[in-house]
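Trainee:
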Amino acid sequence: MSFQKKIKSLMLSSGLILALVLTLTPGAALAEKPIKIGLIDPYTGAAAAFGKPALICWKIAVDEFNARGGLNGRKIELITRDSKFKADEALAHARELLLKERVDFIGGTTSSSVALAVSEFLRKKKKLFMVSISRSHRITGEKGHKYIFRGCPSAAIEGLAGGYYAASTPYKKWYIIGDDYEYGHSIAENFWKGLKQLKPDVELVGETWPKVRETDYTSYLTAIEGKKPEAVFTAFGASGLIPFSKQAKLFGLYEKFPVFCFGLGDSVFPKALKQNTPVGAFAATNYTSYYPDTPANKAFVKKYVAYTTKEGKPDPYPSGIAAFGPYCAAKFLTEAILKAGSVDTEKVIKALEGLTIQAAVGPITMRACDHQAMTPVFWGKLAKVSGYPFPIMTEIVETPADKVMPTCQEIVAARKAAKSK
Amino acid sequence: MQAERKNSAAKWLYGAITALVLIILPFVLEKGFSEYYLYLATKIMVWALFAMSFNLALGYGGMMSFGHAAFFGIGAYTCSLLLVKTSCPLPLAFVIAPFVAAGAGVIIGFFSVRIKGVFYFATITLSFAQLAYILAFKWRSFTFGDDGIQGIPIPALISTDETYINYYFFALIIIVICIYVLWKIVKSPFGLMLRSLRENPERATFVGMKVENYRLIAFVISAFFSGIAGVLYAFLETAISPDILFWSMSGEVILMGLLGGMHIFLGPALGATIMVLLNSFITSYTEYWGMVLGIALILIVLFFPKGVGGLMLEQYQKWMKRKGV
Amino acid sequence: MGFDASMLFVQFISGLSRAMILFLMSSGLTLVFGVMGVVNFAHGAFYMIGAYLAFTLTEILTGFVGFWVALLIAPTIVCLIGGLVEVLLLRRIYEKEHLLQILLTYALIFVFNDIIKMIWGVDLRIVSLPPALGGFFTFFGHSFPVYYFFIIGVGGTVALLLWLLLKKTRFGKLLRASAERRDMVGLLGYNVGGLFTLVFVMATWLGGLSGAVIAPTVRLSLGMDMEIIIECFIVVIVGGLGNIWGALLGALIAGQIYAFGILFVPKYAMAFLFILAAVIIIFRPYGLLGKPAQARG
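Protein chains in written order, with numbering that gives the first Met the number 0: chain G, 0 to 420; chain A, 0 to 324; chain W, 0 to 296.
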């Protein structure tokens, strides 16, 4: 091929790429001096199913803010970046959002290690970070600081509540299996802590940590039986819960052992698992569309359905992890901006500390000492209920956050210990 | 003679211009655009060093390593762990890290360099690198597992908390020295020998040289400089995770080498520049960044098989010839 | 640790079912390399497309029929895509360096991932099993899913068919001949281009089939191709690049190493495969069943 031809084809192809990029770029908002919030979540890869509903809920909260006239007319603009579920990628985007886009706040993050990496960066840059999905207790615990807030629950709340709940059952010999990453370890650690507190004679007969993104749990499943536990706690997150549950069902794990699993109560998993959702398993979430049956909850579901319908896929079962949590986080931030009457980081921090929002599960307060939202947890037993396309939780036990959250003294001590290390 | 002198004068001129650009660049970027571009420029330099170190193995040694993430990651982890867990002073940690990476290079290289098949070589290096990844991931008590290491303590002099300018120059000086050393190695009798071995391994054995030794030395040097790139990366990002040891990282550096042109000294640096820029700009414009990147790569393979660097060099030589005539 | 014999047997079966999936994938990879000399990084993408197609097909046609139709149609669509890729792209770079082929097939991974995202979106998806295959057997107090025996059956059948194809047919002889001496096939008067297209179509069919077969046991997600491809490369290399029986042997070893690794040293189970690969390459630098001449690639 001659050089001219090469150049011609290169120009043609770069033109094509440019056209592609332009058509895919959403029209930039042209509002005057908007308040910018940078959102970092996975939109590609295995965890993209969490990033999308989260974005919808951030949009709901932001639209509510803008509809009320914004902050003296200033509207909020969301700028999204794809974390690809990787810490270094997310960190690079956090830099770009802060230094180039000059965003006022940063929110999002699904993976806990991503949250930790971004958190440390924003601590140094003194910018407010609102975590909306990541669960590890370390984020607002020992690694927490002035600039990080979490509007969704932490694994400390959800795990400990699970431990207390499990302590009310007769099982003594336990087996733990979970995703080998920050979230898996964090929720298992807290579950065990709670269980041990109320029932000191429980015994851990075995634990195993398959790699994240494992596709085949067969060998792990057969290995569980060899340890002859009385009950199994599964600590899977965004990555492993679906394939694990599916294969566990094939194995009859749920018939053989009582299984406790946090995420299975959340609609995001049963929605995909459908009839493969294990009936009879003990499950939990931080929010369901069917409990509590209050006008506030109905209103939230209605709004969520309206937004998902606009996106082409009406969804009457908003997820607690991927939708409700991010909504609360976004709500905390937008309410705090209004309350502070400013986008100044220090003022918004002041406004956030102790702020209470009215949410679908009742009022939720942002604890001032550790910047952790005090949101309740719901544990229950999965059962088929007519009218629902997948098994839902029944005999729900609601645990309020203040019963299971580490105390402020504990948080202070943990942070001190982490610093001196 | 005269032409040669003219040539060397031209070289000095180009060198001076490049130096001037590199020195002025950060001030222009920071004042004219934003600090982010300064960060990006530093990132490009770090990746360029990594890609060029890697290319000593691939382009010059003919060794298609699919495990260079190990050396990069070991450099970054060694330095970061020393700084976080011990009271080791930074300069010492900085010096130890590349030697540890080179040590890993000796071990991996010892077993690998005698493997002649391209894909077998790729797989054995990949396997060793994955072991390093698994170790970093699973040994939570020592490496912090997938939490990674955040907040690596960096002295105020080169800290990036306020501005990237200081770190830019720090990295620039180290990288320029490294590239100069790499250049000297490539141009030395050792480098020439390495290339002749790559072209014709049978003949070289016939002459009675120990092919493996040459390959091993090249591999270890490559690991050493990759380790330095890793340290610079850790300081730039101030946080690392096991992701930097994962095979996709090795894949990325191969991509850079091929993209820029592996038979040209500065080719991989060009590849690194293109990849880093593509990555940070496409991802801000579209969530379908993979599509754009993929199509761009396919077009390059189909139309510019010598890499972008190869194409530029070709055109430059043609232009020089035309001028000469 | 008390492990009874039945426990070990169950673990063995689980290793076998994993091996069969790995074999289905690796046979396609190694076939393409053996005949065409191309290492196809995008092989995993075809597997992923197969899985997503199986999802759509079983959603349209539910029940037992749907599953079987999916098992047949999904790989067929995949291999048509494979044919297109060969004709439009790969064909242009056979004469060029290996490394360019890697670059090209690596680029295809990005493109296919985004195409899947455009068509299927990012929701969590799973493929339902027909009830007949959904149960589990119990022996000596240990249970094992019926479906894993089905996977083993599919793997065995494919291995048998490949054996028949290679040993008993003219086409098979041609394939073996071209794997030994690539340059000879053209000299013998065969249409090399056509042969290459056919082989690539076959390989992508196998890739699509493995995707469709594994779909009911996993979660479909973007990037699922990358989760399996590295393991398949190791299987292929350990067995001997270009050798189908090597791929089978490699897959069997990889499957068992993994299954028993988890039983005894769960924490570092995933490391064993890499250690094994390194050791085998050190002692057999052309794989277990490979020939030294082919190692150069």
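All C-beta atoms in this analysis are idealised placements derived from N, C-alpha and C, irrespective of residue type, glycine included. Please read all numbers here as calculations on a predicted model, not as lab measurements.
Find the nearest neighbour of residue 358/G within the set 247/G, 294/G, 391/G, judged by alpha-carbon distance.
Mentor: Counting from one through the first sequence, the residue named residue 358/G turns up at place 359. It is 294/G whose Cα lies nearest to the Cα of residue 358/G.
Trainee: Hey, is residue 298/W's beta-carbon within less than 7 angstroms of any beta-carbon in chain G?
Mentor: Within the shown structure, residues of chain W are numbered from 0 to 296, placing residue 298/W beyond reach of any answer.
Trainee: Quick one, which residues of the segment 211–224 of chain G are near chain W if we go by CB-CB under 7 angstroms, in chain order?
Mentor: 212, 214, 215, 217, 218, 219, 221, 222, 224
Trainee: Step through the CB atoms of chain W and report whether any lies within less than 7 angstroms of the CB of residue 284/A.
Mentor: Taking the second sequence and counting its residues from 1, one reaches residue 284/A at position 285. With 7 angstroms as the cut-off, residue 284/A does not count as an interface residue toward chain W.
Trainee: Quick one: what's got a C-beta closer than 6 angstroms to residue 142/A's C-beta in the same chain, skipping five residues either side?
Mentor: Here residue 142/A refers to the residue found at position 143 when the second sequence is read from its first residue. Only 135 meet the Cβ criterion.
Trainee: DSSP three-state label for residue 422/G, please.
Mentor: The structure shown does not extend to residue 422/G, since chain G is modelled only from 0 to 420, so the question has no answer here.
Trainee: With burial defined as no fewer than 16 other Cβ atoms inside 10 Å of the residue's Cβ, what is the status of residue 401/G: buried or exposed?
Mentor: Sequence index remark: in the first sequence, residue 401/G carries index 402 (1-based). Result: exposed.
Trainee: Rounded to a whole number of angstroms, what is the C-alpha to C-alpha distance between residue 157/W and residue 23/W?
Mentor: Here residue 157/W refers to the residue found at position 158 when the third sequence is read from its first residue. Here residue 23/W refers to the residue found at position 24 when the third sequence is read from its first residue. Each residue's Cα considered, the two are about 8 angstroms apart.
Trainee: Can you tell me where the alpha helix (DSSP H) with residue 97/W in it begins and where it stops?
Mentor: By one-based count along the third sequence, residue 97/W stands at place 98. First-last of the alpha helix (DSSP H) with residue 97/W: 97–119.
Trainee: Given that residue 93/W touches chain A, what residues does it touch there, using C-beta distances under 9 angstroms?
Mentor: For this step, residue 93/W is matched to residue 94 along the third sequence. Near residue 93/W there are no residues of chain A at all, since even the closest Cβ is about 12 angstroms away, more than 9 angstroms.
Trainee: Along the chain, where does the beta strand (DSSP E) containing residue 392/G start, and where does it finish?
Mentor: If you number the first sequence from 1, residue 392/G lands on position 393. Taken as a continuous stretch (DSSP letters only), the beta strand (DSSP E) holding residue 392/G covers 391–398.
Trainee: Are the CB atoms of residue 211/G and residue 383/G nearer to each other than 7 angstroms?
Mentor: By 1-based counting over the first sequence, the position of residue 211/G is 212. By 1-based counting over the first sequence, the position of residue 383/G is 384. Taking 7 angstroms as the Cβ cut-off, residue 211/G and residue 383/G do not qualify as a contacting pair.
Trainee: Along the segment 12–34 of chain A, where does the CB come closer than 7 angstroms to a CB of chain G? Name the residues.
Mentor: Under the 7 angstroms Cβ criterion, the segment 12–34 of chain A contributes 33, 34.
Trainee: Three-state secondary structure (DSSP) at residue 83/A?
Mentor: What you label residue 83/A is simply residue 84 of the second sequence in a count that begins at 1. The answer is helix: DSSP assigns residue 83/A an H, G or I state.
Trainee: Closer than 7 angstroms, CB to CB, is residue 158/A near chain W or not?
Mentor: The residue labelled residue 158/A in the question sits at position 159 within the second sequence. Chain W contact via Cβ: absent.
Trainee: Counting C-beta neighbours from all protein chains within 10 Å, is the total for residue 85/W 16 or more, i.e. buried, or is it exposed?
Mentor: To locate residue 85/W, count along the third sequence from 1; it is residue 86. Per the 10 Å Cβ criterion, buried.
Trainee: I need the DSSP call for residue 308/A, collapsed to helix, strand or coil.
Mentor: On the second sequence, residue 308/A is found 309 positions in, with the first residue counted as 1. When DSSP states are grouped into helix, strand and coil, residue 308/A belongs to the helix group.
Trainee: When DSSP labels each residue in this structure, what does residue 67/A get in the three-state scheme?
Mentor: Taking the first residue of the second sequence as position 1, residue 67/A is located at position 68. In this structure, residue 67/A counts as helix in the three-state DSSP scheme.
Trainee: Contact between the segment 54–72 of chain W and the segment 244–264 of chain W is defined here as three or more beta-carbon pairs at a separation below 8 angstroms; is this criterion met?
Mentor: no
Trainee: Just the C-alpha distance for residue 257/A and residue 306/A, rounded to the nearest angstrom, thanks.
Mentor: Numbered from its first residue, the second sequence carries residue 257/A at position 258. Numbered from its first residue, the second sequence carries residue 306/A at position 307. Taking C-alpha positions only, residue 257/A is separated from residue 306/A by approximately 6 angstroms.
Trainee: Got a sec? Which residues, its chain only, sit under 8 angstroms from residue 412/G by beta carbon, not counting five neighbours each side?
Mentor: Position 413 of the first sequence, counting from 1, holds the residue named residue 412/G. For residue 412/G, where only same-chain residues beyond five positions count, there are no Cβ hits under 8 angstroms.
Trainee: Scan the segment 239–251 of chain G for residues whose Cβ lies nearer than 7 angstroms to a Cβ of chain W and list them as they occur along the chain.
Mentor: So the close ones are 241, 242, 245, 246, 249, 250, 251.
Trainee: Helix, strand or coil: which one does DSSP assign to residue 24/G?
Mentor: Locating residue 24/G in the first sequence gives position 25, where the first residue counts as 1. Because the pLDDT at residue 24/G is just 45, under 50, the model does not fix this residue reliably, and the value given afterwards should be weighed accordingly. In the displayed model, residue 24/G falls within coil according to three-state DSSP, outside both helix and strand.
Trainee: I'd like the ranges of any alpha helix (DSSP H) spanning at least 4 consecutive residues and lying wholly in the segment 126–208 of chain A.
Mentor: 139–142, 164–186, 188–198, 200–206
Trainee: What does DSSP give as the partner residue(s) for residue 174/G in the beta ladder?
Mentor: The count along the first sequence starts at 1 and reaches residue 174/G at position 175. Answer is 205/G, 231/G.
Trainee: Rounded to whole angstroms, what's the CA-CA distance from residue 261/W to residue 216/G? Just pull it up for me.
Mentor: In the third sequence, counting from the first residue as 1, residue 261/W sits at position 262. In the first sequence, counting from the first residue as 1, residue 216/G sits at position 217. When rounded, the distance between both Cα atoms is 10 angstroms.
Trainee: So who's on the other strand from residue 143/W, going by DSSP bridges?
Mentor: As a position in the third sequence, residue 143/W is number 144, starting the count at 1. Beta-bridge pairing links residue 143/W to 136/W.
Trainee: Quickly, what does DSSP pair residue 220/A with across the bridge? List them, please.
Mentor: As a first step, residue 220/A is located in the second sequence; it is residue number 221 there, counting from the start. Partner(s): none; residue 220/A has no beta bridge.
Trainee: Between residue 19/W and chain G, is the shortest Cβ-Cβ distance under 7 angstroms, so that the two count as touching?
Mentor: Residue mapping note: residue 19/W aligns to position 20 of the third sequence, counting from 1. Judged by the 7 angstroms Cβ criterion, residue 19/W is not in contact with chain G.
Trainee: Residues of chain W with CB closer than 8 angstroms to the CB of residue 267/G, please, in chain order.
Mentor: As a first step, residue 267/G must be located in the first sequence, where it is residue number 268. Within chain W, the residues whose beta carbon sits less than 8 angstroms from that of residue 267/G are 123, listed in sequence order.
Trainee: For a contact defined as C-beta to C-beta under 8 angstroms, what are the partners of residue 38/A on chain G?
Mentor: Counting from one through the second sequence, the residue named residue 38/A turns up at place 39. Neighbours of residue 38/A in chain G, taken as residues at a C-beta separation under 8 angstroms, are given in chain order as 94, 98.
Trainee: Secondary structure at residue 30/G, three-state DSSP: helix, strand or coil?
Mentor: Numbered from its first residue, the first sequence carries residue 30/G at position 31. Low per-residue confidence applies at residue 30/G: pLDDT is 43, beneath 50, and the placement is therefore not dependable enough to give any value.
Trainee: Against chain W, which members of the segment 271–287 of chain G pass a CB distance test of less than 8 angstroms?
Mentor: Within the segment 271–287 of chain G, 271, 272, 273, 274, 275 place their CB atoms closer than 8 angstroms to a CB of chain W, listed in sequence order.
Trainee: Hey, out of 203/W, 269/W, 171/W, whose CA is closest to residue 208/G's CA?
Mentor: Taking the first sequence and counting its residues from 1, one reaches residue 208/G at position 209. It is 269/W whose Cα lies nearest to the Cα of residue 208/G.
Trainee: Pick helix, strand or coil for residue 37/W, following the three-state DSSP scheme.
Mentor: Against the third sequence, residue 37/W aligns to sequence position 38. DSSP places residue 37/W in coil when its eight states are reduced to three.
Trainee: Determine the chain A residues that contact residue 38/W at a beta-carbon separation under 8 angstroms, and present them in chain order.
Mentor: For the purposes of this step, residue 38/W is identified with residue 39 of the third sequence, where counting begins at 1. Under the 8 angstroms cutoff, chain A gives 118.
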